[in-house]
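Note that this note's numbering has the sequence shown beginning at 7, numbered continuously upward. For every residue, glycine included, the Cβ atom is placed at its ideal position computed from N, Cα and C. Predicted, not measured: the structure shown is a model, and the values here were computed from it. What follows is a set of notes on a single structure, which appears directly below.
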Amino acid sequence: MNYLSVGIGGMAGSVLRYLISLYTINLWSGGFPLGTFIANMCGCFLLGLLTGVNENKEIIPKYIMLGVGTGMIGSLTTFSTFSVETFKLYETASIFYAGVYVFLSAGLGLLLAWSGFYLGKKDSGKATVNQ
């Protein structure tokens, strides 16, 4: 069941990633990889949220977590594409955009993952005052 769940989630995530790329390709003409950035940021938030919800108690069954987390979000987001696109920006003398892309991806990605995780814990009644 776990393999099937991851496979179905992976197919869904890859299609979502493709659709995001299609719909964002004309939004920015400066060569910035907006589609990959949006997909990665959404994935950071969603995986943080799911992990937060399931932190201490299995609210979401394991096979669904695997399907959505490893399968869908894993195929929606991609470090390899991020790396290649950063290199391409750098290579085409867009050093500024390469730096912005790396800074925003790392900084905002971590912030969104933390926000999702905190909201997931809060919504599931597990947030603590010490956060």
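Nearest to residue 37 by alpha-carbon distance, out of 100, 86 and 67, is 100. For the pair residue 52 and residue 83, the Cα-to-Cα distance works out to about 11 Å. Non-local beta-carbon contacts of residue 74 in its own chain, meaning distances under 7 Å to residues more than five positions away in sequence, involve 15 and 56 in chain order. For a cut-off of 8 Å, the C-beta gap from residue 69 to residue 8 is around 5 Å, short enough to register as a contact. At the C-beta level, residue 46 and residue 115 come within 8 Å of one another.
With contacts defined as CB atoms closer than 8 Å, residue 122 and residue 19 fail to qualify as a contacting pair. Measuring C-alpha to C-alpha distances from residue 54 to each of 40, 80 and 41 identifies 80 as the nearest. Taking a C-beta distance under 8 Å as the contact criterion, residue 77 and residue 126 do not qualify as a contact pair. Distance from the CA atom of residue 98 to the CA atom of residue 91, rounded to whole angstroms, is 11 Å. For residue 50, same chain residues with a beta-carbon under 6 Å away, outside a window of 5 residues either side, are 115, 118 and 119 in chain order. Annotation: the segment 92 to 130 contains the following complete segments of the alpha helix (DSSP H) (minimum length 4 residues), in chain order: 101 to 129.
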